[in-house]
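Each residue of the sequence shown is one higher than the last, beginning at 1 in the UniProt record's numbering.
Just so it is clear, CB atoms sit at the ideal spot from N, CA and C, and this is done for glycine as well.
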Amino acid sequence: EFVKEYVANVHVKRAFEDTEGKTRYLTTGKGDINWEGQIQTLAKNNYKGYLAIETHLEPKIKESEKCLEILKKIGQGCV
């Protein structure tokens, strides 16, 4: 909340470190991040910037498209 006037770009990626210390990736919308809350907060604060999608899952284009569809679905509830 206190940094909202400084947010110019939001990077969307779901990564975590497993018990062996290796970086693992999930599709956006999966895991323990409250994506709905994040997107709703951006909308509430009239964020007009970009959401940069980064995926490390294969196939990358299909996974990026899946991420985009998930974000669109979440965003529809914020309008």
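Check: Could you give the C-beta distance for I61 and I39, rounded to a whole number, given that I count them as a contact under 8 Å?
Finding: Not quite, the Cβ-Cβ distance comes to about 22 Å (not below 8 Å), so this is no contact.
Check: Any idea if V12 is buried or exposed, counting beta-carbon neighbours within 10 angstroms, 16 or more meaning buried?
Finding: By the neighbour-count rule (16 or more Cβ atoms within 10 Å), V12 is buried.
Note to self: Taking the alpha carbon of R14 as the reference point, which residue from I33, E1, P59 and V3 has its own alpha carbon closest?
What the structure shows: I33
Margin query: What does the alpha-carbon distance come out to for the pair K48 and T28?
Written below: 20 Å
Check: Given that a residue counts as buried once 16 or more other Cβ atoms are within 10 Å of its Cβ, and exposed if not, what is T55?
Finding: buried
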